[in-house]
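Engineer:
Protein chains: 2
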Amino acid sequence: MMTGTRDLLLDLAATRVQTRGYNGFSFNDLARDAGIKAASIHYHFPTKADLGQTLAERYRKGFAATIGAAGDGTPSDALGRFVAAFAATLDQGRMCLCGLMGAEVRDLPDSVAIEVAAFFTFCQQWLEAVFTRAKAGDAATSARHTMAALEGALMMAQVARDPRIFHDVAAEVRRAIG
Amino acid sequence: MMTGTRDLLLDLAATRVQTRGYNGFSFNDLARDAGIKAASIHYHFPTKADLGQTLAERYRKGFAATIGAAGDGTPSDALGRFVAAFAATLDQGRMCLCGLMGAEVRDLPDSVAIEVAAFFTFCQQWLEAVFTRAKAGDAATSARHTMAALEGALMMAQVARDPRIFHDVAAEVRRAIG
DNA sequence: TCGAATCTATCTATTACTAGGTAGAATCAA
DNA sequence: TTGATTCTACCTAGTAATAGATAGATTCGA
Chain D
718 MMTGTRDLLL DLAATRVQTR GYNGFSFNDL ARDAGIKAAS IHYHFPTKAD
768 LGQTLAERYR KGFAATIGAA GDGTPSDALG RFVAAFAATL DQGRMCLCGL
818 MGAEVRDLPD SVAIEVAAFF TFCQQWLEAV FTRAKAGDAA TSARHTMAAL
868 EGALMMAQVA RDPRIFHDVA AEVRRAIG
Chain A
718 MMTGTRDLLL DLAATRVQTR GYNGFSFNDL ARDAGIKAAS IHYHFPTKAD
768 LGQTLAERYR KGFAATIGAA GDGTPSDALG RFVAAFAATL DQGRMCLCGL
818 MGAEVRDLPD SVAIEVAAFF TFCQQWLEAV FTRAKAGDAA TSARHTMAAL
868 EGALMMAQVA RDPRIFHDVA AEVRRAIG
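Sequence lines, in order, name chains D and A.
Heads up: the first sequence runs through residues 718 to 895, numbered per the working numbering.
Heads up: the second sequence runs through residues 718 to 895, numbered per the working numbering.
#1: Could you work out which residue in D:Ala835, D:Asp794, D:Ile894 is closest to D:Leu772 when comparing CA atoms only?
#2: Establish whether the CB of D:Ile894 and some CB of chain A are separated by less than 8 Å.
#3: Where do the N-terminal and C-terminal ends of the alpha helix (DSSP H) with A:Leu727 fall, by residue?
#4: Return no unless some Cβ of chain A is closer than 8 Å to the Cβ of D:Tyr745.
#5: Run down chain D in chain order and give the residues with a C-beta less than 8 Å from the C-beta of A:Arg823.
#6: Starting from A:Met872, follow the alpha helix (DSSP H) in both directions and report where the run begins and ends.
#7: Between the segment 832-862 of chain A and chain D, which residues of the former have a C-beta closer than 7 Å to a C-beta of the latter?
#8: Measuring CB to CB, does A:Val822 end up less than 8 Å from A:Gly769?
#9: Whose CA, out of A:Ala865, A:Phe848, A:Leu726, A:Val847, lies closest to the CA of A:Ala756?
#10: Counting Cβ pairs closer than 8 Å, one from the segment 883-894 of chain D and one from the segment 731-751 of chain A, do we hit at least three?
#11: Verify whether the separation of the beta carbon atoms of D:Leu814 and D:Val734 is less than 8 Å.
#12: CB-CB under 7 Å to A:Val886, same chain, minus the five flanking residues each way: which ones, in chain order?
#13: Report buried or exposed for D:Gly752, applying the criterion of at least 16 other Cβ atoms within 10 angstroms of its Cβ.
#14: Please report the distance separating the alpha-carbon of A:Met718 from that of A:Arg878.
#15: Measuring straight from C-alpha to C-alpha, what distance separates D:Gly721 and D:Arg811?
#16: Taking D:His884 as the reference, give the member of D:Phe837, D:Ala802, D:Ala820 with the closest Cα.
#17: Going straight from the alpha carbon of D:Ala874 to that of D:Ala820, what length do you get?
#18: Quick one: residues in its chain with C-beta nearer than 7 Å to the C-beta of D:Arg850, no 5 flanking neighbours on either side, listed in chain order?
#19: My assumption, with CB atoms under 8 Å, is that D:Thr863 sits in contact with D:Leu844. Please give the rounded CB distance.
#20: Whole beta strand (DSSP E) runs in the segment 758-825 of chain A with 3 or more residues, listed along the chain?
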């Protein structure tokens, strides 16, 4: 109720991107989902790049809100929240929005690519803070390794249509902090 | 010389897919690369799905040839060869062909998706054999974790335009086997 | 002369995007 | 309070460009 068409479009576009990718959906697809005409989408988002950029920015902020502060709880708790956020995405049958767009990065408008990169920079810093607190090996390396494993596992689970592939890797990732 | 147009198309298409993805290139792009007309590509590959399927199959076989048998050398050697194959891809400024297509999997023709899945099945079995020999924890889990980290790191390095992200993770991955 | 390989020309569908218009709500000056 | 104006959110109808694909003619080497 009163959600507003703009937010509805953002929600529907996020679903599209997280399953088909930026190049895998059109304004026509989105219009059909939303029950309006394709041309009307341009009223809310002048270009597809504007939509993609807004999508990536919103995703980063939503993700940040979901996982909370890197300093909240024990390092193990924090890492658990991070992994859980990825698991929740998988449970919805989706890929990480920025993970999927990240794969397409060379084919993305610059404005979108920049916003995708910002998501990974945010995650790197967040995880680095957690691993620094945990004092377990090199924090920057652990952060990169964790992020890479989660993104890769999400993709592999999608290809094999088997969520257990992700959950198996996720359990291993959590083991990095006792 | 004498490479044959078909192989040339395969080489050029592989480059396209590994940078832009399956949905990120057209027969027109490919025709321009090869110096022939777009319609002529259909002589060699009736449909784009045929091309994509052939590409993924060829990639798996080439990858298998590059890394050799899982039983060759010490487990550490074998893992080193596996990681080196990914590093070589990165050095060419490319993504893993099946990693990129894997991200797009829901938007791929079935025949292509099946071949992409076969690549991951092959890698899983190969790595599992290596970790089984190394007797380091659960082999299946280690194999999944290794593969996920390498694929994710390749993507992240591409997004950040910083190969060190991959090499950092790669070093960590190799550490799994002394 | 046969057939492999490539061409020209065309098709249908779809892409992102634009132009111009409209119903209705909100705003605001007299 | 009224009437003029402007804004919001959508519409129809189109653009040029591109997509993958096809039919049939042409070229050319063995």
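Note that beta-carbon positions come from the ideal geometry of N, C-alpha and C, so glycine has one too.
Structural biologist: Put simply:
#1: The candidate whose alpha carbon is nearest that of D:Leu772 is D:Ala835.
#2: no
#3: First-last of the alpha helix (DSSP H) with A:Leu727: 722-737.
#4: Reading off the sequence, residue 745 of chain D comes out as Asn, not Tyr. No, its Cβ sits nowhere closer than 8 Å to a Cβ of chain A.
#5: Thr736, Arg737, Gly741, Gln875
#6: A:Met872 -> alpha helix (DSSP H) spans 856-877.
#7: Listed in sequence order: Val833, Ala834, Phe837, Thr858, Arg861, His862.
#8: The Cβ atoms of A:Val822 and A:Gly769 lie no closer than 8 Å to each other.
#9: A:Leu726
#10: no
#11: yes
#12: Ala866, Ala870
#13: exposed
#14: Since pLDDT at A:Met718 reaches only 34, below the 50 mark, its modelled position is unreliable, and no value is offered.
#15: Near 24 Å, if we compare the C-alpha coordinates of D:Arg811 and D:Gly721.
#16: D:Ala802
#17: 16 Å
#18: Pro792
#19: 6 Å
#20: none
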